[in-house]
Amino acid sequence: MHEFSLYSQIPATRHGQVLQILAGVTASQPTATFEQTLIYQQARLAETGSKKAPAGRQSAVPASRLSYHKLVRDLKGAEGENAPWTFRAEDVPLPGMPSFVSRATTEHVFGEAELEKFRQGNGWYKYINQYLATPGHRFVHNNIIIRTRRILSVPEGTGALEPLDAPIPTLSDCNLIDPSGTYYFEARIRVEDGGNSKLVEQATAELMAFKKQVEGAIDLRVPERLAFDTRVKGT
Amino acid sequence: MASLILRPWTHDSPDTSSLKDILARAQRGHFRDITEVSLQEEIAGEGAFELSESESDDEEEDKDEEQSSAKPSTRDDLFKARLEMLRHVDAAHNDVMIALDFVSLLLTHDAPEKGKASISAGLRQEVPIGTLGHDIWHKMPQDKAREAQDELLATNVRMESLQQSADSLLAAATRLDDNVRKETRYWDHVLSINENGWNVCKLPGQQHRLGVTYGFSDSAPEFARRGVAALNATADGTMVLERGVGSKPRAVRVLLKRGEAVVGCSLIPALRNEGEVALEARIRHARDSLFDEELYHEMLRESRGQASLGISTKGDCIVLTPNSGESPLATEVVFELVSLDEVEDEAGEAREQDPLAQAIALAARMLLSQAHREKVKKRSAVPPPMSERKDERQSLPILRPIMAFMLHKAAIDQINSYQARIESLLSATSIEHRTQPAAFAFPKDIEAGGGEDLISMLMQCWTSEASLVLDDRQTTMRLETTLATSFGTQYTLSSADGRTTKFGTQDELRAACDDALASELALRLKRGADGGWECNVREALLVRADDEQGKGRRVWVTLDSETGVLSLNTPTKKVSWGSQVDVATSFSEAWAGLVE
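So the protein lines, in turn, are chains L and X. Residues 1 to 235 in the UniProt record's numbering are what the first sequence lists, from first letter to last. Residues 1 to 596 in the UniProt record's numbering are what the second sequence lists, from first letter to last.
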């Protein structure tokens, strides 16, 4: 599917105020999230490690270069510690979009069989790093998913266990990536089929309308496109 | 030098500038705190100030004169004196030149040549020649009377204008007072409404008006829009809701009807609560009415899609008929939207099923609230990626749980009446038996944390069991009603020899149960009788083989609950018990009699 997103930064002192504003705009309460993300580097190019039979749509995005993929899970959800992992692959954003970031992404929930590929020694993926995103909140406004969180980096473990299976790193050991405590803010809208121009127009119009609505309170911007590049360099 | 000041006579006209301008000119700043006393004090203070000023002026003049007559002692003083003298001479020269110009200008009118010769260049440029004329006026005799009259006129005019300004100030003061009072009352009203829990907010379109929200944000859009009303202040300061909102309150009423007679009716909310202001009563009516109207609307929508469940509309009412095939004596539930003003007080007499009707009304309202909650939850969940599929708005499940409940209740009632008939038959034959009627099964410890728990209990699958025990052999009938999987009640019969069968309608269940009980009775006979009897359980038939006399015996038991007859038959004889037949013999006696 295709994603359109906008980003912003919220200083720590304004975080409470921004949550209030968003609660008013969306007429709902925030959902607390605690996400753990593992970053893997593709070691081998094959059918991109996706177990689903490559339907017409998916094989239209051939992996010509190795890229970084992510495994994400939400530890505050219903299952708590045993939440299933979600696989996420992001493409480089399309060029020529000054008002928002537009990129093709894939997201699937992976079962045990697919997760095997991510374990060490299987030759498909190489583990790079992981980070935690907490405290995090999520709002949903019509079709837009709004998230605010702080990112913490996890110290290198001794690596006895796979990061997939290791217990959750203790929060006191982790450090904020941004020591000033700024929150990272993202507004994202997803479209099933990036080729359907009517849907794409609808989605982008909605995203822009949201940006206008919170203008002044939250300034949504487009970061540099190549900062989202997920291709592995040097291959 | 003498100064010439010309004062105009005071005149009224064109000085009718507005009060605002006059006040600005008065330059007193904010006039809210001015009182008569403070003004008087000021006047007194000013008067003293003026007097003192004139006094100090006089003193200074005397001093000046003294100083100027002292002889200059030093060289500087000499120079100063010289300069002063020169200044005086200059000033005098200036005065003389001005006088000359004046006279020359005057002269240019009558004797232009002479005038032009002496006029200065500067004045020449400023003023054209011949423009100043002169006339000789004889001094008018001093008209004392006229002067006195003029004086009087002037004083009167002055007093009149002062009076007018006083009047307008007074009028402004009263108007201010009025406004303040009105505003205080308005804000008092607003505060009282806010303190009673209603949410006062700013109206999106209009700038200076406040409104009160009483709607529910998760309703359908057409109802959510109606949930705000503006608060308007009338001329005398009281507050009304706009457009007559809340003046025609409506409510949903549940009637339980058996045939044409009303056997139960739900409560109508009171028109005015204790200690409530009319305005708040209005707002409360508006909210309740909006909620009930939405409830009725949603039920109507649901009924259109669920006609197969026995939900139909008759005129303005939604009618639920559980088991429409059954006797017309079954109770049906009728929902209608009534206006509180016009409703006749049907709730005057308490009817037998009033609590049930009230419970149904409450359940419907709670189900609507639950539907709202579900909507919020769905809204907050992460949405799937946008696609072309457009979801139709699902109809909210309000009638369906109520229908399930009514169906189950009807089923239970029928099963219990059936069991009662069987029981009466069995007692007529003095057969030992034990029965347990069916009832709603609730979990032992009901701990409802809130509305959501109650609703989840309402939405569960209803099950009940009725059992009949004959000689320690139990026949059980089990009822399950749920509208999730299939429509209607599922019956399960577990007979004493361990067979379970499922049925869809109650008639089948009854027929099967009749047969099972007949088999039970036959088995019982077989056990009680001495040997030689073969029992065909399925047919409830007891056969004794032909003995030496060539007399075979066949006896069978029939039980028919429709007609209410239990009978013991042989090909030739028949003994029956039942509603029509009144037989005093017991079962065993009849058996003994037949066997001979």
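Backbone N, C-alpha and C define an ideal beta-carbon position, used for all residues, glycine too.
- Message: Are the CB atoms of X:Gly215 and X:Gly227 within a distance shorter than 7 Å?
- Response: Position 227 of the second sequence, counted from the start, is the residue given in the question as residue 227 of chain X. Position 215 of the second sequence, counted from the start, is the residue given in the question as residue 215 of chain X. Cβ atoms of X:Gly227 and X:Gly215: closer than 7 Å.
- Message: Contact criterion: CB-CB distance below 7 Å. Does X:Ser456 meet it with respect to chain L?
- Response: On the second sequence, residue 456 of chain X is found 456 positions in, with the first residue counted as 1. False, the Cβ-Cβ gap to chain L never drops below 7 Å.
- In chain order, what residues of the same chain have a beta carbon less than 8 Å from the beta carbon of X:Pro571, not counting five sequence neighbours either side? As a working mapping, residue 571 of chain X is identified with position 571 in the second sequence. Once the five neighbours on either side are set aside, the close Cβ partners of X:Pro571 are Arg554.
- Considering only residues of the segment 362–439 of chain X, which uninterrupted beta strand (DSSP E) runs meet the minimum length of 3 residues and lie entirely inside it, listed in chain order? 434–436
- Message: My assumption, with CB atoms under 8 Å, is that L:Tyr131 sits in contact with L:Leu152. Please give the rounded CB distance.
- Response: Residue 131 of chain L sits at position 131 when you count from the first residue of the first sequence. Residue 152 of chain L sits at position 152 when you count from the first residue of the first sequence. Indeed, because the Cβ distance is near 6 Å, the residues count as touching under 8 Å.
- Could you give the residue range of the alpha helix (DSSP H) that holds X:Arg473? Locating residue 473 of chain X in the second sequence gives position 473, counting from the first residue. From DSSP, X:Arg473 is part of no alpha helix (DSSP H) but of the beta strand (DSSP E) over Arg473 to Thr481.
- Message: If you reduce the DSSP assignment to three classes, tell me which class X:His93 lands in.
- Response: The residue given as residue 93 of chain X occupies position 93 in the second sequence. Three-state result, X:His93: helix.
- Message: Assuming X:Cys513 is part of the beta strand (DSSP E), what are its boundary residues?
- Response: The sequence position of residue 513 of chain X within the second sequence is 513, counting from 1. Judged by DSSP secondary structure, X:Cys513 falls outside any beta strand (DSSP E) and instead within the alpha helix (DSSP H) spanning Gln506 to Gly528.
- Check the Cβ of L:Leu199 against every Cβ in chain X and list those closer than 8 Å, keeping chain order. The residue given as residue 199 of chain L occupies position 199 in the first sequence. Neighbours of L:Leu199 on chain X, chain order: Met386, Ser387 and Glu388.
- Message: Per DSSP, what are the beta-bridge partners of X:Val319 in this structure?
- Response: Within the second sequence, the letter at position 319 stands for residue 319 of chain X. Note: X:Val319 sits in a beta bridge opposite X:Ser312 and X:Val334.
- Rounded to whole angstroms, what's the CA-CA distance from X:Asp236 to X:Trp187? Just pull it up for me. As a first step, residue 236 of chain X must be located in the second sequence, where it is residue number 236. As a first step, residue 187 of chain X must be located in the second sequence, where it is residue number 187. Rounded to the nearest angstrom, the two C-alpha atoms are 14 Å apart.
- Message: Can you list, in chain order, the residues of its chain with a C-beta nearer than 6 Å to that of L:Gln9? Leave out the 5 residues immediately preceding and following it.
- Response: Taking the first residue of the first sequence as position 1, residue 9 of chain L is located at position 9. Sequence-distant Cβ neighbours of L:Gln9 in its own chain, meaning closer than 6 Å and more than five residues away, are Thr182.
- Message: Within the continuous beta strand (DSSP E) that includes L:Lys233, where are the two ends?
- Response: Residue 233 of chain L sits at position 233 when you count from the first residue of the first sequence. It is not in any beta strand (DSSP E) - L:Lys233 carries neither H nor E in the DSSP assignment.
- Message: For X:Thr429, which residues in the same chain have their Cβ closer than 7 Å to its Cβ, ignoring the five residues on either side in sequence?
- Response: Numbered from its first residue, the second sequence carries residue 429 of chain X at position 429. So the qualifying residues of the chain are Leu566, Trp577, Ser586 and Phe587.
- Using the C-alpha atoms, what's the distance from L:Thr230 back to L:Phe100? Here the question's residue 100 of chain L lines up with position 100 in the first sequence. Here the question's residue 230 of chain L lines up with position 230 in the first sequence. Roughly 18 Å separates the two Cα atoms.
- Closest Cα partner of X:Leu267 within the set X:Asp316, X:Ala361 and X:Pro249: For this step, residue 267 of chain X is matched to residue 267 along the second sequence. Comparing Cα-Cα distances from X:Leu267 to each of X:Asp316, X:Ala361 and X:Pro249, the minimum goes to X:Ala361.
- Query: Under a CB-based cut-off of 7 Å, is L:Asn143 close to chain X?
  - Reply: Walking along the first sequence from the start, residue 143 of chain L turns up at place 143. Answer yes: the Cβ-Cβ gap between L:Asn143 and chain X drops below 7 Å somewhere.
- Item | X:Ile311 vs X:Leu399 beta-carbon contact at 7 Å | By one-based count along the second sequence, residue 311 of chain X stands at place 311. By one-based count along the second sequence, residue 399 of chain X stands at place 399. Their beta carbons are under 7 Å apart, which means X:Ile311 touches X:Leu399 by this criterion.
- What do you get for L:Phe87, buried or exposed, if any count of 16 or more other CB atoms within 10 angstroms of its CB means buried? Within the first sequence, residue 87 of chain L is the residue found at index 87, counting from 1. In the assembly as shown, L:Phe87 is a buried residue. Its beta-carbon has 16 or more other beta-carbons within 10 Å.
- Message: Taking the alpha helix (DSSP H) that residue 681 of chain X belongs to, which residues open and close that run?
- Response: With chain X covering only 1 through 596, there is no way to say anything about residue 681 of chain X.
- How many Å lie between L:Val18 and X:Pro384 at the Cα? By one-based count along the first sequence, residue 18 of chain L stands at place 18. By one-based count along the second sequence, residue 384 of chain X stands at place 384. A straight-line Cα-Cα distance of about 25 Å links L:Val18 and X:Pro384.
- Item | C-alpha distance - X:Tyr418 paired with X:Thr563, whole-angstrom precision | For the purposes of this step, residue 418 of chain X is taken as residue 418 along the second sequence, with counting starting at 1. For the purposes of this step, residue 563 of chain X is taken as residue 563 along the second sequence, with counting starting at 1. Going from the Cα of X:Tyr418 to the Cα of X:Thr563 covers about 11 Å.
- Whose C-alpha, out of L:Phe139, L:Arg44 and L:Tyr127, is nearest the C-alpha of residue 237 of chain L? Only positions 1 to 235 of chain L appear in the structure, and residue 237 of chain L is not among them; the question remains open.
- Message: Please report whether the beta-carbon of X:Pro8 lies at a distance below 7 Å from any beta-carbon of chain L.
- Response: As a first step, residue 8 of chain X is located in the second sequence; it is residue number 8 there, counting from the start. Not closer than 7 Å to any Cβ of chain L, the Cβ of X:Pro8 fails to qualify, so no.
- Item | Under 8 Å by beta carbon: chain X residues contacting L:Gln202 | On the first sequence, residue 202 of chain L is found 202 positions in, with the first residue counted as 1. By Cβ distance, chain X contributes Met386.
- For X:Asp453 and X:Glu302, the rounded distance between their alpha carbons: To locate residue 302 of chain X, count along the second sequence from 1; it is residue 302. To locate residue 453 of chain X, count along the second sequence from 1; it is residue 453. Distance between the alpha carbons of X:Glu302 and X:Asp453: 23 Å.
- Which of helix, strand or coil DSSP assigns to L:Ile168: Position 168 of the first sequence, counted from the first residue, corresponds to residue 168 of chain L. It is coil, neither helix nor strand.
- Task: Determine the DSSP secondary structure at X:Gly122, reduced to helix, strand or coil.
- Result: By 1-based counting over the second sequence, the position of residue 122 of chain X is 122. Collapsing the DSSP output to three states places X:Gly122 in a helix.
- Task: Please list the residues of the segment 22–47 of chain L that have a C-beta atom closer than 9 Å to any C-beta atom in chain X, keeping them in chain order.
- Result: Thr26, Ala27, Ser28, Gln29, Pro30 and Thr31
- Message: For X:Arg478, count the other beta carbons within 10 Å of its own beta carbon; 16 or more makes it buried, fewer makes it exposed. Which is it?
- Response: Locating residue 478 of chain X in the second sequence gives position 478, counting from the first residue. Buried.
- Determine the DSSP secondary structure at L:Asp74, reduced to helix, strand or coil. Residue numbering aside, residue 74 of chain L sits at position 74 when the first sequence is read from its first letter. Three-state result, L:Asp74: strand.
- Message: Given a cut-off of 7 Å on the beta-carbon distance, is the pair L:Asp91 and L:Ala104 in contact?
- Response: Counting from one through the first sequence, the residue named residue 91 of chain L turns up at place 91. Counting from one through the first sequence, the residue named residue 104 of chain L turns up at place 104. Contact flag set, yes.
- Query: Nearest to X:Glu392 by alpha carbon, out of X:Ala220, X:Leu425 and X:Ala224?
  - Reply: Residue numbering aside, residue 392 of chain X sits at position 392 when the second sequence is read from its first letter. Looking at the Cα atoms, X:Ala220 is the closest of the given residues.
- Task: Report yes or no: do the segment 488–503 of chain X and the segment 513–522 of chain X share at least 3 C-beta pairs separated by less than 8 Å?
- Result: Look at the beta carbons and you see the segment 488–503 of chain X touching the segment 513–522 of chain X: at least three pairs across the two are nearer than 8 Å.
- Kindly indicate which three-state DSSP category L:Thr134 falls into: helix, strand or coil? Taking the first sequence and counting its residues from 1, one reaches residue 134 of chain L at position 134. L:Thr134: strand per DSSP, three-state reduction.
- Would you mind telling me which residues of chain X sit closer than 8 Å to L:Met1, beta carbon to beta carbon, in chain order? Along the first sequence, one-based indexing puts residue 1 of chain L at 1. The answer, in chain order, is Pro385.
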